[in-house]
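**Student:** One structure follows; several queries about it will come next.
Protein chains: 2
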Amino acid sequence: MNNFEFRNPTKIVFGTDSMDKISSLIKPFGKKVLVTYGGGSIKTNGIYDKVMSQLKDFDVKEFAGIEPNPRVETIRKIIQDFKDFDPDFVLAVGGGSVIDGTKLLVASMHYDGDPWDFLVKESAEPKKYLPFGTVLTVAATGSEMNNGAVITNWQEHQKLVFMREGCYPVFSILDPQNTFSLPKEQSAYGVIDAFSHVLEQYLNTTKDAPLQDRFSESILKTLIENSQIVISDPQNYQARANIMLSAAMALNNLIGSGVDEDWATHFIEHELSAFYDMPHAAGLAIITPRWMEQVKEQKAKKLIQYGTRIWNLSGSDQEIIDASIEKTFSFFKSLGVKMSLSDWNIDNQHFPEIIKRLVDLKIGETPLTAQQIESILNNCL
Amino acid sequence: MNNFEFRNPTKIVFGTDSMDKISSLIKPFGKKVLVTYGGGSIKTNGIYDKVMSQLKDFDVKEFAGIEPNPRVETIRKIIQDFKDFDPDFVLAVGGGSVIDGTKLLVASMHYDGDPWDFLVKESAEPKKYLPFGTVLTVAATGSEMNNGAVITNWQEHQKLVFMREGCYPVFSILDPQNTFSLPKEQSAYGVIDAFSHVLEQYLNTTKDAPLQDRFSESILKTLIENSQIVISDPQNYQARANIMLSAAMALNNLIGSGVDEDWATHFIEHELSAFYDMPHAAGLAIITPRWMEQVKEQKAKKLIQYGTRIWNLSGSDQEIIDASIEKTFSFFKSLGVKMSLSDWNIDNQHFPEIIKRLVDLKIGETPLTAQQIESILNNCL
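This is the structure in structure tokens:
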């Protein structure tokens, strides 16, 4: 086990009555609340009304339109529109994109420079971080219980990550019922995103971290067992709850503490979707098995453990490794998602630039070579 | 899964270099630091010197002598002695008893009433909680990562629990090396304490909490696998690290979120050791299997899961249940601890009073009857 620091101050309010607590959770922070959300689905499924009924004693303004793969341009616009309102608290109502965008907003609202600084300058620090909470509507990214965000700069074809200690939500409302109306496709993407987050932390070569390994395996098994249920029976409360809790636990510092992490798959996906605007998890589903294939020698020991403990495989080491990759591919495919880039009409036009960028970033537990990255991308076509 | 709230703000600093960070971790809180510790073993194993070298730029006072099963009388004395010093921060260096005693101290230092109020009055609230950190020297109770404490009032033969939001440590230093010099017996007690904490939360009848179940099973397996190593090879860093992380995770709100908990075994042990001054985990080892026997019908389903997943048992349901209890007994015994109260020269003299108290407390997921409690106690003799 490696040395590590762990801290996660977010309060999770989980369950059927959690929306009723929004008002009392925000009260200590002040009167002026800015509500951020996405494309407006919360207006048709009733979540918007429930949130607003909790905020009737506050001075509320709202911003609709934080898009999937949230863009820095949007955050600049929110700051411009609401700087004078000077909110005491921000409430993000949505999935990972709305929450990620809101994280950049709370960092930038009291910062004199441009929001993009937080993505490219370690030293960028605001005068203060605005406190914020979330009402989660998609179980997927784990952004509701961490301090990281992925932001796209569409003009420069850049999609980058930033993390700040001030960017943990004060609270996150996790009511599984708020995910009942998700389209099948989005439910599948959520499972794949969380599954990928676990693999990025679990498929390491760190020795002697048995508890972290088993925590990871606990999440993987729970995701597998509940994935088909949320797709075929979207209003199944217990399955939605199990997926929602799993997604939060998949990226809240818990399973990555004390182990080497990888994240090559995520970096490759970020570069791809900086050029081609595809859903994040759609890319992860396609890239993950091809990445596993490239690192199967380096990570042989862990892949055998993964194959035996998660997929109950037996046979020679090589058979288990190969079958574990195949099982991962089949699992994603069984959720109904496209398993090649050509299904998304993506060709290799931007591959040379993507490969160059990824080599510079030194991605993976042991940095992948240009050749390895090229193989992964070509095998994804 | 039940509705729940989860929050745990403690920062864990884990590993071989963690002691080096004490100074910078305390700095933001002020200059005046009160260090609390126990019987003085930290002076012989070098921990005291390392802590003090980190505090050379602070105004430091110290209190030695928070005893095992910490007593309210001791906390009253500390307040009396250091009220005028008016510390900015308290650093608890020790195991669960030192940390528990320090929690009552930080609640009481700025409270006008008597410290015991926190044990018996929900409404007791101090003007402020003193911030505190811990340097853990025994992996066992999990007090380093929660907001609860067990305090004994020896005059009144009472041993009670209190919890307050202000009683989470700001940070906890978890260096597995700090447990290298523990006597075998204490290492065994630590494993048993953590194991029991998991069983109290895991052996429930809550439906549909598969992730919490698997997290619990992860901790149980890690404890089992590493227990003999820390006893036979006390300086094995990785085994010490695995036990240390497991003990913290066993009682930090994680595995108890969303499930019904039991805690009957702990309540029985608290009453026992309020009359007979025996180590906490010594009591747990003896009581746990006898308690399982009493609740084996009510908790049949979970005991079968426990038997099959943790002990790889097979057979009829009844065979698995009985064998799972026997395995638990044998596991504790294999760690070298006494498995009956008579080995501690404890007779049934105080049983009637203990039973009366426990019935009033309504202990267990489904409250145990006087008859059940009597059977458990008699079977422990």
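So the protein sequences, as listed, match chains A and B. First residue of the first sequence? That's 1 in the numbering used here, and the numbers climb one at a time after it. First residue of the second sequence? That's 1001 in the numbering used here, and the numbers climb one at a time after it. Beta carbons: idealized from backbone N, C-alpha and C, even for Gly.
Just to confirm before moving on: does the CB-CB distance between A:G96 and A:G38 stay below 8 Å?
**Tutor:** As a position in the first sequence, residue 96 of chain A is number 96, starting the count at 1. As a position in the first sequence, residue 38 of chain A is number 38, starting the count at 1. No, the pair does not count as a contact, with Cβ atoms beyond the cut-off.
**Student:** Considering just the uninterrupted stretch of the beta strand (DSSP E) at B:F1267, what are its terminal residues?
**Tutor:** In the second sequence, counting from the first residue as 1, residue 1267 of chain B sits at position 267. No beta strand (DSSP E) holds B:F1267; the alpha helix (DSSP H) holding it covers 1264-1275.
**Student:** Pick helix, strand or coil for A:D59, following the three-state DSSP scheme.
**Tutor:** Translated into positions along the first sequence, residue 59 of chain A becomes position 59. Reduced to three states, the DSSP call for A:D59 is strand.
**Student:** I'd like to know if the region 299-315 of chain A and the region 199-208 of chain A are in contact, where contact means that at least 3 CB-CB pairs between them fall below 8 Å.
**Tutor:** With a cut-off of 8 Å, the region 199-208 of chain A and the region 299-315 of chain A count as touching, because enough Cβ pairs lie within range.
**Student:** By the 9 Å beta-carbon criterion, what residues does the region 1226-1242 of chain B contribute toward chain A?
**Tutor:** Close to chain A, meaning a Cβ-Cβ distance shorter than 9 Å, are the following residues of the region 1226-1242 of chain B: N1226, Y1237, Q1238, A1239, A1241, N1242.
**Student:** Return the chain-ordered list of same chain residues with a C-beta closer than 6 Å to the C-beta of B:I1229, the five sequence neighbours on each side being excluded.
**Tutor:** In the second sequence, the residue the question calls residue 1229 of chain B occupies position 229. Contacts found: N1236, A1239.
**Student:** Flag this pair as touching only if the region 287-296 of chain A and the region 365-379 of chain A have three or more C-beta atom pairs under 8 Å; answer yes or no.
**Tutor:** yes
**Student:** Could you list which residues in chain A have their beta carbon closer than 8 Å to that of B:K1011, in chain order?
**Tutor:** As a first step, residue 1011 of chain B must be located in the second sequence, where it is residue number 11. Around B:K1011, the beta-carbon contacts reaching into chain A at under 8 Å are E5, F6, R7.
**Student:** My assumption, with CB atoms under 8 Å, is that A:I219 sits in contact with A:A285. Please give the rounded CB distance.
**Tutor:** Translated into positions along the first sequence, residue 219 of chain A becomes position 219. Translated into positions along the first sequence, residue 285 of chain A becomes position 285. The Cβ separation is near 17 Å, so there is no contact.
**Student:** For chain B, is any of its Cβ atoms less than 8 Å away from the one on A:R290?
**Tutor:** Stepping through the first sequence from its first residue, residue 290 of chain A is reached at position 290. By this cut-off, A:R290 is not an interface position.
**Student:** Using a C-beta to C-beta distance shorter than 9 Å, which residues of chain B count as neighbours of A:G258?
**Tutor:** Position 258 of the first sequence, counted from the start, is the residue given in the question as residue 258 of chain A. F1014, G1015, A1241, L1245, listed in chain order.
**Student:** Ignore the nearest five residues each way along the sequence and tell me which others in B:N1348's own chain have a CB closer than 8 Å to its CB.
**Tutor:** For this step, residue 1348 of chain B is matched to residue 348 along the second sequence. For B:N1348, where only same-chain residues beyond five positions count, the Cβ hits under 8 Å are L1377, N1378, L1381.
**Student:** Of all Cβ atoms in chain B, is any one closer than 8 Å to the Cβ of A:F215?
**Tutor:** Against the first sequence, residue 215 of chain A aligns to sequence position 215. Under the Cβ distance rule, A:F215 counts among the residues neighbouring chain B, one pair being separated by less than 8 Å.
**Student:** Compute the beta-carbon to beta-carbon distance between A:V33 and A:D88, rounded to the nearest angstrom, for a pair I have assumed lies under 8 Å.
**Tutor:** Position 33 of the first sequence, counting from 1, holds the residue named residue 33 of chain A. Position 88 of the first sequence, counting from 1, holds the residue named residue 88 of chain A. Confirmed, Cβ separation roughly 7 Å.
**Student:** Pull out every residue of the region 83-116 of chain A whose Cβ sits closer than 7 Å to any Cβ of chain B, in chain order.
**Tutor:** none
**Student:** Please state whether the Cβ-Cβ distance between A:V198 and A:I255 is less than 8 Å.
**Tutor:** Position 198 of the first sequence, counted from the first residue, corresponds to residue 198 of chain A. Position 255 of the first sequence, counted from the first residue, corresponds to residue 255 of chain A. For A:V198 and A:I255, yes; Cβs fall inside 8 Å.
**Student:** With distances taken between CB atoms, is the gap from A:N253 to A:N2 smaller than 8 Å?
**Tutor:** Position 253 of the first sequence, counted from the start, is the residue given in the question as residue 253 of chain A. Position 2 of the first sequence, counted from the start, is the residue given in the question as residue 2 of chain A. Not a contact, by the Cβ cut-off of 8 Å.
**Student:** Leaving out five residues on either side along the sequence, give the residues of the same chain with a beta carbon under 8 Å from the beta carbon of A:G336.
**Tutor:** Position 336 of the first sequence holds residue 336 of chain A. Only K184, E185, A188, I231 meet the Cβ criterion.
**Student:** Would you grab the beta carbon distance between A:G148 and A:A194 for me? Rounded to a whole angstrom, and I think it's under 8 Å.
**Tutor:** As a first step, residue 148 of chain A must be located in the first sequence, where it is residue number 148. As a first step, residue 194 of chain A must be located in the first sequence, where it is residue number 194. Taking the Cβ atoms as the reference, A:G148 lies roughly 15 Å from A:A194, outside the contact range of under 8 Å.
**Student:** Are at least three pairs of beta-carbons, each pair with one atom in the region 1054-1063 of chain B and one in the region 1022-1033 of chain B, less than 8 Å apart?
**Tutor:** Yes, the region 1054-1063 of chain B touches the region 1022-1033 of chain B.
**Student:** Which chain D residues are close to A:P210, counting only those with a beta carbon under 7 Å from its beta carbon?
**Tutor:** Note that chain D does not occur in the displayed structure, where the protein chains are A and B.
**Student:** Please list, in chain order, the residues of the region 300-314 of chain A that have any C-beta partner in chain B closer than 7 Å.
**Tutor:** none
**Student:** Got a sec: which bits of the region 161-193 of chain A sit with their beta carbon under 7 Å from any beta carbon on chain B, in order along the chain?
**Tutor:** none
**Student:** Given a cut-off of 8 Å on the beta-carbon distance, is the pair A:F171 and A:K11 in contact?
**Tutor:** Start at 1 with the first residue of the first sequence, and residue 171 of chain A comes out as number 171. Start at 1 with the first residue of the first sequence, and residue 11 of chain A comes out as number 11. Cβ distance < 8 Å, so A:F171 and A:K11 count as in contact.
**Student:** Closer than 8 Å is the cut-off here; do at least three beta carbon pairs connect the region 1159-1175 of chain B with the region 1114-1130 of chain B?
**Tutor:** yes
**Student:** Thinking C-alpha only, which one of A:F14, A:V13, A:K61, A:P68 is nearest A:A281?
**Tutor:** Sequence index remark: in the first sequence, residue 281 of chain A carries index 281 (1-based). Nearest option by C-alpha distance: A:P68.
**Student:** Does the Cβ-Cβ distance between A:I66 and A:V98 come in under 8 Å?
**Tutor:** Looking up residue 66 of chain A in the first sequence gives position 66. Looking up residue 98 of chain A in the first sequence gives position 98. The beta carbons of A:I66 and A:V98 sit closer together than 8 Å.
**Student:** Quick check on this structure: which residue in B:I1320, B:A1209, B:A1250 has the alpha carbon closest to the alpha carbon of B:K1222?
**Tutor:** Taking the first residue of the second sequence as position 1, residue 1222 of chain B is located at position 222. Looking at the sequence itself, residue 1222 of chain B is Thr, so the reference to Lys does not match. Checked all of B:I1320, B:A1209, B:A1250; the closest Cα to B:T1222 is B:A1250.
**Student:** Have a look at B:Q1305 and B:G1315 and give me their C-alpha separation to the nearest angstrom.
**Tutor:** Translated into positions along the second sequence, residue 1305 of chain B becomes position 305. Translated into positions along the second sequence, residue 1315 of chain B becomes position 315. Between B:Q1305 and B:G1315, the C-alpha separation is close to 12 Å.
**Student:** To test your reading of the DSSP string, which unbroken alpha helix (DSSP H) runs of 4 or more residues are found completely within the region 1017-1077 of chain B?
**Tutor:** 1022-1026, 1041-1044, 1047-1054
**Student:** Name the two residues that bound the continuous beta strand (DSSP E) containing A:S172.
**Tutor:** Residue numbering aside, residue 172 of chain A sits at position 172 when the first sequence is read from its first letter. From DSSP, the beta strand (DSSP E) with A:S172 extends over 171-174.
**Student:** Rounded to whole angstroms, what is the Cα-Cα separation between B:K1050 and B:M1019?
**Tutor:** Within the second sequence, numbered from 1, the residue matching residue 1050 of chain B stands at position 50. Within the second sequence, numbered from 1, the residue matching residue 1019 of chain B stands at position 19. Those two C-alpha atoms are separated by around 7 Å.
**Student:** For the region 108-160 of chain A, list the alpha helix (DSSP H) runs that are entirely contained and at least 4 residues long, ordered along the chain.
**Tutor:** 117-120
**Student:** Cα-Cα, which of B:N1226, B:S1257, B:D1233 is closest to B:I1243?
**Tutor:** As a position in the second sequence, residue 1243 of chain B is number 243, starting the count at 1. The residue with the shortest Cα to Cα distance from B:I1243 is B:N1226.
**Student:** 8 Å is my cut-off, CB to CB: does B:S1143 come that close to chain A?
**Tutor:** For the purposes of this step, residue 1143 of chain B is taken as the residue at position 143 of the second sequence. No, B:S1143 does not count as interfacial toward chain A.
**Student:** Going by CA-CA distance only, name the one from B:K1128, B:G1283, B:H1350 that's closest to B:L1382.
**Tutor:** Summary: the structure shown does not reach residue 1382 of chain B, with chain B confined to residues 1001 through 1381, and so no result is reported for it.
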